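Protein chains in written order, with the numbering used here: chain H, 99 to 259; chain E, 99 to 259.
Shown next, in structure tokens, is the structure this report addresses.
Number of protein chains: 2
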Amino acid sequence: MRTTEVLFEPGRQDIVVTRTFAAPPDVVFAAMTDPELIPRWWGSRRFETTVEVMDVRRGGLWRFVTRQRSGAGTPYTFWGVYHDVVPGSLIVSTLQFEMGGPGHLQLVTDSFEATGDGGTLYTNVSLFQSVEDRDGWIPTDMESGIRDSLDLLDGVIGVTR
Amino acid sequence: MRTTEVLFEPGRQDIVVTRTFAAPPDVVFAAMTDPELIPRWWGSRRFETTVEVMDVRRGGLWRFVTRQRSGAGTPYTFWGVYHDVVPGSLIVSTLQFEMGGPGHLQLVTDSFEATGDGGTLYTNVSLFQSVEDRDGWIPTDMESGIRDSLDLLDGVIGVTR
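This is how it looks when you write it as structure tokens:
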């Protein structure tokens with residue numbers, strides 16, 4: 099059973115998520131960067147995600163709209179920019195919740211490392227503008243959302259490889 | 099005499115720069131975001147800066163090329179994206195050295211606060227991807243470059259207000 103680790107270290111301003119997948123880095127990277135597949139895993143089962151733009155290259159924009167599947171279906175928009183894209187290995191990008199006030203920007207580093215058994219160790223570091231900004235996310239259901247999203251991605255990878 | 103404070107706290111992953119200007123926030127903000135004025139202060143006296151693009155609005159790109167005035171004149175390109183732009187008050191953007199390897203991305207928060215005497219307290223927080231990444235900048239002449247650039251900006255503001 100592959101599990102997702104979500105690490106919040108006290109006093110730090112980042113959240114570190116790790117997860118192993120049974121497919122090699124190029125396959126995991128390809129699945130995560132495919133706009134067609136995003137609605138199948140990004141945002142967890144609770145949200146329906148639409149990709150407005152996803153231009154995975156240096157300087158390219160991404161912009162996703164999510165709606166809660168139950169309830170009012172208010173749209174929540176997230177967007178950012180790709181700063182580094184190294185196929186099969188690394189993505190450095192930004193993530194911002196568009197309707198929030200200014201700030202609350204995250205700098206996200208996704209890395210993909212081959213494991214000895216042909217799998218991938220995926221690490222996601224989300225760096226927040228301050229410790230307070232990060233700590234504001236901890237009481238939310240972000241952690242269960244991450245676990246659920248990566249479980250969904252695991253299923254998507256199982257199908258596509 | 100207005101001075102620039104540059105603060106590197108041990109173990110943190112940011113650099114905090116503060117400086118007061120004798121002009122109000124809207125004037126300082128307007129000077130800093132004017133592409134025509136960038137070559138007169140950005141990058142310090144040691145470098146000649148050319149603005150390739152500077153689209154100061156959410157999602158807009160900026161890209162500057164600098165060349166050392168003495169020596170070989172090798173071009174160094176810096177670029178990033180504006181995430182928040184609140185006129186007279188706040189800019190949140192990214193900054194990356196284009197020719198470096200991946201990573202080394204900075205998340206930059208510029209804030210402009212009115213002081214009681216009609217001036218501005220300018221604060222610049224540069225957040226790095228790690229403490230190590232930040233610490234790599236400390237032995238460089240970055241600090242003197244910041245002081246020199248903000249002194250030049252002070253002169254530019256003195257002329258334009």
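Using N, Cα and C, we set each Cβ at its ideal position, and we do this for glycine too.
The structure presented is a predicted model; accordingly, all values stated were derived computationally and were not measured.
| request: Give the single residue among E/116, E/252, E/111 whose Cα lies nearest to the Cα of residue 104 of chain E. | output: Counted from its first residue, the second sequence places residue 104 of chain E at position 6. Taking only the C-alpha atoms, the option nearest residue 104 of chain E is E/116.
| query | If we count Cβ pairs, one from each stretch, closer than 8 Å, do we get three or more for the segment 197–209 of chain E versus the segment 219–235 of chain E? | reply | yes
| query | Under 8 Å between the Cβ atoms of residue 217 of chain H and residue 131 of chain H? | reply | Here residue 217 of chain H refers to the residue found at position 119 of the first sequence. Here residue 131 of chain H refers to the residue found at position 33 of the first sequence. No. Outside cutoff.
| said: Does the CB of residue 234 of chain E have a neighbour CB from chain H at under 8 Å? | reply: Numbered from 1 along the second sequence, position 136 holds the residue referred to as residue 234 of chain E. No, no contact with chain H.
| Backbone secondary structure at residue 101 of chain E - three-state DSSP | On the second sequence, position 3 is the one that residue 101 of chain E refers to. Residue 101 of chain E falls in the coil class under three-state DSSP.
| Below 8 Å, can you find three or more Cβ-Cβ pairs linking the segment 139–155 of chain E to the segment 168–184 of chain E? | Enough Cβ pairs lie closer than 8 Å, so yes.
| field | Amino acids of chain H, ordered along the chain, whose beta-carbon sits closer than 9 Å to that of residue 201 of chain E | value | Taking the first residue of the second sequence as 1, we reach residue 201 of chain E at position 103. Residues of chain H passing the Cβ test: 181, 182, 188, 190, 207.
| message | For residue 219 of chain H, would you say it is in contact with chain E, using Cβ-to-Cβ distances shorter than 8 Å as the test? | response | For the purposes of this step, residue 219 of chain H is taken as the residue at position 121 of the first sequence. So no, residue 219 of chain H is outside the interface.
| request: Return the CA-CA distance between residue 181 of chain E and residue 135 of chain H, expressed in angstroms with no decimal places. | output: Looking up residue 181 of chain E in the second sequence gives position 83. Looking up residue 135 of chain H in the first sequence gives position 37. Answer to the nearest angstrom: the Cα atoms are 26 Å apart.
| 8 Å Cβ cutoff, residue 225 of chain E in contact with chain H | For the purposes of this step, residue 225 of chain E is taken as the residue at position 127 of the second sequence. Chain H contact via Cβ: present.
| field | Any C-beta of chain H under 8 Å from that of residue 105 of chain E | value | Numbered from its first residue, the second sequence carries residue 105 of chain E at position 7. It does not: the Cβ of residue 105 of chain E has no partner Cβ on chain H nearer than 8 Å.
| Between residue 236 of chain H and the rest of its own chain, which residues show a CB-CB distance below 7 Å, the 5 nearest in sequence each way excluded? | Stepping through the first sequence from its first residue, residue 236 of chain H is reached at position 138. Around residue 236 of chain H: 106.
| query | For residue 137 of chain H, which of helix, strand or coil comes out of DSSP? | reply | Your numbering for residue 137 of chain H matches position 39 in the first sequence. It is helical.
| Residues in the segment 145–167 of chain E having any Cβ partner in chain B nearer than 8 Å | Reference to chain B is not applicable here, since the protein chains of this structure are H and E.
| query | With a CB to CB cut of under 8 Å and the five nearest residues on each side skipped, what residues in its chain are close to residue 156 of chain E? | reply | Here the question's residue 156 of chain E lines up with position 58 in the second sequence. Leaving aside the five residues that flank residue 156 of chain E on each side, the residues in its chain whose CB is nearer than 8 Å to its CB run, in chain order, 180, 181, 182, 183.
| Under three-state DSSP, which class holds residue 152 of chain E? | Here residue 152 of chain E refers to the residue found at position 54 when the second sequence is read from its first residue. Residue state, collapsed to three classes: strand.
| Beta-carbon separation of residue 212 of chain H and residue 108 of chain H under 8 Å? | The count along the first sequence starts at 1 and reaches residue 212 of chain H at position 114. The count along the first sequence starts at 1 and reaches residue 108 of chain H at position 10. In this structure, residue 108 of chain H does not lie closer than 8 Å to residue 212 of chain H by Cβ.
| Who are residue 255 of chain E's beta bridge partners in DSSP? | Taking the second sequence and counting its residues from 1, the one referred to as residue 255 of chain E is at position 157. Residue 255 of chain E is not bridged to any residue.
| query | Hey, out of H/120, H/164, H/198, whose CA is closest to residue 100 of chain H's CA? | reply | Working through the first sequence from its first residue, we reach residue 100 of chain H at position 2. Of the listed residues, the one whose Cα sits closest to residue 100 of chain H is H/120.
| query | For residue 161 of chain H, which residues does DSSP report across the bridge? | reply | Indexing the first sequence from 1 puts residue 161 of chain H at position 63. Looking at the DSSP assignment, residue 161 of chain H forms a beta bridge with H/151, H/177.
| message | Among the candidates E/141, E/228, E/110, E/210, whose CA atom is the shortest distance from the CA of residue 167 of chain E? | response | Indexing the second sequence from 1 puts residue 167 of chain E at position 69. Proximity to residue 167 of chain E across E/141, E/228, E/110, E/210 peaks at E/141, based on C-alpha coordinates.
| Candidates E/169, E/110, E/125: which alpha carbon is nearest residue 252 of chain E's? | For the purposes of this step, residue 252 of chain E is identified with residue 154 of the second sequence, where counting begins at 1. Here the closest residue by C-alpha is E/125.
| Among H/255, H/162, H/241, H/210, which one has its Cα closest to the Cα of residue 185 of chain H? | On the first sequence, position 87 is the one that residue 185 of chain H refers to. When each option's Cα is compared against that of residue 185 of chain H, the closest is H/210.
| message | Check for me: the alpha helix (DSSP H) holding residue 41 of chain E runs from which residue to which? | response | Nothing can be reported for residue 41 of chain E: it is not among the residues displayed for chain E, which extend from 99 to 259.
| query | In this structure, does DSSP put residue 245 of chain E in helix, strand or coil? | reply | As a first step, residue 245 of chain E must be located in the second sequence, where it is residue number 147. Three-state result, residue 245 of chain E: helix.
| request: Note down the Cα distance separating residue 164 of chain H from residue 145 of chain H, rounded to an integer number of angstroms. | output: Reading the first sequence from its first residue, position 66 is the one you call residue 164 of chain H. Reading the first sequence from its first residue, position 47 is the one you call residue 145 of chain H. Spanning the two alpha carbons is a distance of roughly 6 Å.
| said: Using only CA atoms, which one of H/191, H/161, H/242, H/112 lies nearest to residue 133 of chain H? | reply: If you number the first sequence from 1, residue 133 of chain H lands on position 35. Checked all of H/191, H/161, H/242, H/112; the closest Cα to residue 133 of chain H is H/161.
| Shortest alpha-carbon distance to residue 195 of chain H belongs to which of H/220, H/169, H/219, H/226? | Numbered from 1 along the first sequence, position 97 holds the residue referred to as residue 195 of chain H. Checking every option, the nearest Cα to that of residue 195 of chain H belongs to H/226.
| Roughly how many angstroms separate the alpha carbons of residue 228 of chain E and residue 110 of chain H, rounded to a whole number? | As a first step, residue 228 of chain E is located in the second sequence; it is residue number 130 there, counting from the start. As a first step, residue 110 of chain H is located in the first sequence; it is residue number 12 there, counting from the start. Straight through space, the alpha carbons of residue 110 of chain H and residue 228 of chain E are spaced by roughly 11 Å.
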